[in-house]
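Asks:
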Amino acid sequence: MAVKPTTLDAYQLIHDGVLCLGRAEQVGIRVDVQYCEQKKEFLTKKIERSERLLKETEFMRDWRRKYGASFNMHSNQQLEDILYNVMGLKAAKETTSGAGSTDEDTLGQLGIPELDSLIQVRKLKKIRDTYIDAFLREQVNGILHPFFNLHTTKTYRSSSNSPNFQNIPKRDKEAMKICRRALKPRPGNQLLEVDFSGLEVSIAACYHKDKTMMKYLTSDHSDMHSDLAEQLFIIPDFDKVKYPEHKHLRNASKNGFIFPQFYGDYYGNNAVSLAVQWAKLGQGAWGPGQGVAMPGGLTIGDHFLSKGIRHFDQFVQHVKAIEEDFWGKRFWEYQKWKERWLAQYQKAGYFDLKTGFRCTGVMRKNEVINYAVQGAAFHCLLWSFIQVDRIITERKMQSRLIGQIHDALIVDVVPEELDELGFIIRKVTCVDLAKHWKWIIVPLDVEADICEVDAPWSEKHGHKLPEVV
DNA sequence: GGAACTCGCCAC
DNA sequence: AAACGTGGCGAGTTCC
Numbered sequence: 010m011a012v013k014p015t016t017l018d019a020y021q022l023i024h025d026g027v028l029c030l031g032r033a034e035q036v037g038i039r040v041d042v043q044y045c046e047q048k049k050e051f052l053t054k055k056i057e058r059s060e061r062l063l064k065e066t067e068f069m070r071d072w073r074r075k076y077g078a079s080f081n082m083h084s085n086q087q088l089e090d091i092l093y094n095v096m097g098l099k100a101a102k103e104t105t106s107g108a109g110s111t112d113e114d115t116l117g118q119l120g121i122p123e124l125d126s127l128i129q130v131r132k133l134k135k136i137r138d139t140y141i142d143a144f145l146r147e148q149v150n151g152i153l154h155p156f157f158n159l160h161t162t163k164t165y166r167s168s169s170n171s172p173n174f175q176n177i178p179k180r181d182k183e184a185m186k187i188c189r190r191a192l193k194p195r196p197g198n199q200l201l202e203v204d205f206s207g208l209e210v211s212i213a214a215c216y217h218k219d220k221t222m223m224k225y226l227t228s229d230h231s232d233m234h235s236d237l238a239e240q241l242f243i244i245p246d247f248d249k250v251k252y253p254e255h256k257h258l259r260n261a262s263k264n265g266f267i268f269p270q271f272y273g274d275y276y277g278n279n280a281v282s283l284a285v286q287w288a289k290l291g292q293g294a295w296g297p298g299q300g301v302a303m304p305g306g307l308t309i310g311d312h313f314l315s316k317g318i319r320h321f322d323q324f325v326q327h328v329k330a331i332e333e334d335f336w337g338k339r340f341w342e343y344q345k346w347k348e349r350w351l352a353q354y355q356k357a358g359y360f361d362l363k364t365g366f367r368c369t370g371v372m373r374k375n376e377v378i379n380y381a382v383q384g385a386a387f388h389c390l391l392w393s394f395i396q397v398d399r400i401i402t403e404r405k406m407q408s409r410l411i412g413q414i415h416d417a418l419i420v421d422v423v424p425e426e427l428d429e430l431g432f433i434i435r436k437v438t439c440v441d442l443a444k445h446w447k448w449i450i451v452p453l454d455v456e457a458d459i460c461e462v463d464a465p466w467s468e469k470h471g472h473k474l475p476e477v478v
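Listed below in structure tokens is the structure:
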């Protein structure tokens with residue numbers, strides 16, 4: 010594509026995308042029905058056992074005394090009433106409508122053992138009702154056909170439903186194993202997942218062209234997340250390879266500061282997340298011997314004291330200063346782009362994505378910034394999906410694209426075709442894509458995971474794709 | 001008995 | 001001055 014993508018180009022992308030996502034829907038993904046039925050029964054028994062034990066507790070008896078026949082331990086409305094009216098406890102957080110929150114985090118802070126059990130039951134019910142049950146309900150002759158929609162989102166991303174193929178548990182190990190064990194390749198095949206690494210960060214860079222960011226994205230020796238971890242946790246000899254503790258803090262920097270900042274969050278929330286979730290330093294428990302371990306046997310609480318950060322409030326100010334440095338100095342060109350982008354929208358009433366799509370309507374600042382990036386990033390995946398689908402068809406290969414998760418494509422692969430297909434996907438995503446769209450000015454990279462023949466999706470492991478020379 | 005709502009929670 | 005983007009979906013609830 011020689012010139013800037015037009016509305017017609019955008020239309021063509023959706024047109025082609027709908028056709029090949031439709032093909033993926035038709036192929037579907039194999040589900041182990043017998044496993045799901047067994048697991049459903051197992052989970053039900055486990056849930057019922059926990060519920061029986063819980064019902065006998067004093068906490069639940071008091072609850073039942075008030076609600077009688079309508080007592081339901083899974084009603085958050087009743088729970089809110091019991092905790093914050095009857096017992097007079099103070100909620101750490103409120104919902105958007107002003108009620109005391111009953112989410113996992115808030116309940117955990119109350120230190121009531123029965124609530125910990127209730128959270129455990131909630132997790133099991135989530136797995137059973139949202140995933141295993143949905144798989145059984147939606148499957149036809151042992152095949153699921155998740156829908157992939159291109160017409161439902163404000164950002165021109167996709168969505169998926171019946172069942173939603175894009176939110177199957179991954180991070181929680183237990184939930185991941187139970188749910189993904191149900192999904193398998195067709196007999197004799199393997200499931201292959203290929204995802205772009207840091208796609209949204211790279212696509213954002215194509216808009217703002219910040220020099221510091223460009224350097225991070227093109228150099229093998231610089232690492233943005235380590236650099237920020239060094240700053241946030243005041244560790245001059247930061248070494249994520251040498252110390253597992255530092256690797257943890259790098260994840261903290263990435264998920265507790267950098268990504269939220271890119272989405273428009275601010276230091277106040279970052280400080281809470283970094284301290285409580287990542288450093289394990291409760292806002293009231295800041296001090297010697299507190300928090301996650303550091304190399305050498307001391308804790309991060311000891312470490313912060315030695316660096317002069319003695320209270321949570323001081324840490325907030327510390328993170329505030331880092332935020333100012335982050336946008337004011339380190340990524341100042343990124344910051345300037347955000348300001349220009351917003352001003353352009355406020356003047357024109359719309360903005361155009363790199364891929365030819367136009368966003369109109371009333372939007373908040375963060376939405377104006379984020380939509381442009383999210384949409385164009387997904388279109389990189391969609392274009393790749395279309396090309397791979399076309400090549401598979403042209404070459405009369407038997408492997409099949411079966412789904413997509415925003416920056417990842419999932420293929421049901423015939424083992425004999427794995428190398429050829431790996432090469433095709435690598436070439437499409439890392440070479441052809443940037444030739445098609447000249448606005449892609451940073452190198453894109455992909456990572457892959459694969460399951461052995463006939464093994465379920467829970468057993469995927471890293472897979473090296475062939476290099477394109 | 002269904003529509004529409006809130007809340008919580010899973011993914012990127 | 002304010003303060004995290006996009007989705008789908010289940011359970012509970014309320015309203016009609």
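All the letters of the first sequence, read from the start, carry residue numbers 10 to 478 under my numbering. Just so it is clear, CB atoms sit at the ideal spot from N, CA and C, and this is done for glycine as well.
Using the rule of at least 16 other Cβ atoms within 10 Å of the residue's Cβ for burial, across every protein chain shown, is Asp-219 buried or exposed?
Replies: Buried, by the Cβ-count rule.
Asks: Which residue from Phe-394, Thr-364, Arg-373, Gly-365 puts its Cα closest to that of Gly-358?
Replies: Arg-373
Asks: Out of Leu-474, Val-12, Asn-150, state which residue places its alpha-carbon closest to the alpha-carbon of Glu-429.
Replies: That would be Leu-474, whose Cα lies nearest to the Cα of Glu-429.
Asks: How about Asn-279 and Pro-269: are their beta carbons less than 8 Å apart?
Replies: Yes; because the gap between Cβ atoms is below 8 Å, this pair is in contact.
Asks: Count Cβ pairs between the segment 199-219 and the segment 387-400 that sit closer than 8 Å; are there 3 or more?
Replies: Segments in contact, yes.
Asks: Report yes if the CB atom of Val-328 is closer than 8 Å to the CB atom of Leu-241, and no otherwise.
Replies: Cβ atoms of Val-328 and Leu-241: closer than 8 Å.
Asks: My guess is that Asn-158 and Ser-167 are in contact by the Cβ rule of under 8 Å, so how many angstroms apart are they, rounded?
Replies: Their Cβ separation, rounded to whole angstroms, is 6 Å, which keeps Asn-158 and Ser-167 in contact under 8 Å.
Asks: Specify, as a first and last residue, the run of the alpha helix (DSSP H) that Gln-355 falls within.
Replies: 341-357
Asks: Could you tell me which of Leu-98, Tyr-275, Leu-153 sits nearest to Glu-332, measuring between CA atoms?
Replies: The option with the nearest alpha carbon to Glu-332 is Tyr-275.
Asks: Which same chain residues, not among the five before or five after Lys-179, have their C-beta less than 7 Å away from its C-beta?
Replies: So the list reads Met-185, once near-sequence residues are dropped.
Asks: Over the uninterrupted alpha helix (DSSP H) stretch that includes Phe-247, give me the two end residues.
Replies: Neither: Phe-247 is in no alpha helix (DSSP H) and is coded neither H nor E.
Asks: Can you check the segment 250-308 for any alpha helix (DSSP H) of at least 4 residues that lies completely inside it and give the ranges in chain order?
Replies: 253-262, 268-271, 276-281
Asks: Hey, out of Glu-476, Pro-465, Gly-471, Val-477, whose CA is closest to Tyr-44's CA?
Replies: Pro-465
Asks: Whole angstroms is fine: what's the gap from Ser-211's alpha carbon to Lys-64's?
Replies: 52 Å
Asks: Rounded to the nearest angstrom, what separates Lys-75 and His-415 at their Cα positions?
Replies: 47 Å
Asks: For Val-455, which residues of its own chain have a beta-carbon under 6 Å away from its beta-carbon, when the five flanking residues on both sides are left out?
Replies: The beta carbon of Val-455 sits closer than 6 Å to those of Val-203, Phe-205, Thr-438, all from its chain and outside the five residues before and after it, given in chain order.
Asks: Using the three-state DSSP reduction, which class does Ile-318 fall into: helix, strand or coil?
Replies: coil
Asks: Relative to the C-alpha of Val-377, which candidate in Met-406, Leu-290, Tyr-272, Lys-469 has its C-alpha closest?
Replies: Of the listed residues, the one whose Cα sits closest to Val-377 is Tyr-272.
Asks: Determine the contact status of Ile-56 and Leu-116, defining contact as a CB-CB distance below 8 Å.
Replies: no
Asks: Pick out whichever of His-160, Phe-68, Met-82, Gly-384 has its Cα sitting closest to the Cα of Met-547.
Replies: Residue 547 cannot be examined here, being either before or after the span of the chain that is shown, 10 to 478.
Asks: Apart from the five residues just before and just after Val-477, which ones in its own chain have a Cβ nearer than 6 Å to its Cβ?
Replies: Arg-435, Lys-436, Val-440
Asks: Below 8 Å between beta carbons: does that hold for Val-42 and Leu-119?
Replies: Cβ distance not < 8 Å, so Val-42 and Leu-119 don't count as in contact.
Asks: My understanding is that Ile-38 touches Ile-411, with C-beta atoms under 8 Å, so please give their C-beta distance in whole angstroms.
Replies: That pair is a contact at about 5 Å.
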